[in-house]
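Adding 134 to a residue's 1-based position in the sequence shown gives its number in the numbering used here. Virtual Cβ for every residue (Gly too), placed ideally from N, Cα, C.
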Amino acid sequence: DVGGPTLGPGLDRAVEASGLYFQGRRWTIRTKGQGKYVHQIRVNGKSISGTCKVPVEAITGKTVVIEVTRGTKPLPLPQLLSADGAKLSKWKSGKKGFAVQIEAPGSIVVRFQASRKPSAKWQGKPVAIKYDKRSGVGEILLASDKYQPFHGTLNVESV
Numbered sequence: 135d136v137g138g139p140t141l142g143p144g145l146d147r148a149v150e151a152s153g154l155y156f157q158g159r160r161w162t163i164r165t166k167g168q169g170k171y172v173h174q175i176r177v178n179g180k181s182i183s184g185t186c187k188v189p190v191e192a193i194t195g196k197t198v199v200i201e202v203t204r205g206t207k208p209l210p211l212p213q214l215l216s217a218d219g220a221k222l223s224k225w226k227s228g229k230k231g232f233a234v235q236i237e238a239p240g241s242i243v244v245r246f247q248a249s250r251k252p253s254a255k256w257q258g259k260p261v262a263i264k265y266d267k268r269s270g271v272g273e274i275l276l277a278s279d280k281y282q283p284f285h286g287t288l289n290v291e292s293v
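So, in structure tokens, the structure goes:
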């Protein structure tokens, strides 16, 4: 999407797509491993954990190589699955979860995977989480006043 690539596990076999043109760059995307969960993303050799959406500062140079490693079990900590239309920056993942700066053109839904319902804060204030215990997928609605562009920090942590 316009905010940057969001990656999923794809087919349950190794796949490579190269020569893709996106945002003025040539991209190669490779997947390896088996399972329906993304365990690790490497962008130009640098590991990024806890997210399926690539933060903007990780995208450098005229060519970008992304390697996705899949696994059969979800990660133990919350993992960002998608934030369609948003740009992510200042990505940090730690022992409890993740923190990220989000810039969006208007209201967005941030989707995440977690083994249990986490806590979330937007700009330091608690926000509501819609969480499905069976699937382990949750959603956070981030909305701006009058559908204006906005930015801020989202923290999602295990409790």
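Could you check whether residue j and residue i sit closer than 8 Å to each other, using their CB atoms as the reference points?
i, j, result
"G219", "Q247", "no"
"L209", "V244", "no"
"V198", "W161", "yes"
"G138", "L276", "no"
"G231", "S292", "yes"
"W256", "G228", "no"
"V177", "I193", "yes"
Given residue i, which residues of its chain have a CB within under 8 Å of its CB, disregarding the five upstream and five downstream residues?
i, result
"C186", "T140, L141, G142, V172, I175, Q213, L214, L215, S216"
Since residue i sits in a beta bridge, which residues does DSSP pair it with?
i, result
"D266", "V271"
"K280", "For K280, which the question treats as bridged, DSSP gives no partner whatsoever."
"R159", "F156"
"V290", "F232, A254"
"L214", "T185, F246"
Taking the beta strand (DSSP E) that residue i falls in, what are its first and last residues?
i, result
"Q247", "242-247"
"V234", "231-238"
"T140", "Premise fails: T140 is in no beta strand (DSSP E) and is neither H nor E."
"K224", "221-227"
"K255", "253-256"
"L154", "149-156"
So, for residue i: in the same chain, excluding its five sequence neighbours on each side, which residues have a beta-carbon less than 7 Å away from its beta-carbon?
i, result
"F284", "A238, S278"
"V136", "G219"
Keeping to the same chain, check which residues put their C-beta closer than 6 Å to that of residue i; ignore five residues upstream and five downstream.
i, result
"G144", "T165"
"E273", "V243, R245, K264"
Exercise. What are the complete beta strand (DSSP E) segments, minimum 3 residues, inside the segment 164-212?
Worked result: Counting whole runs of 3 or more residues, the segment 164-212 contains the beta strand (DSSP E) stretches 171-177, 180-182, 197-205.
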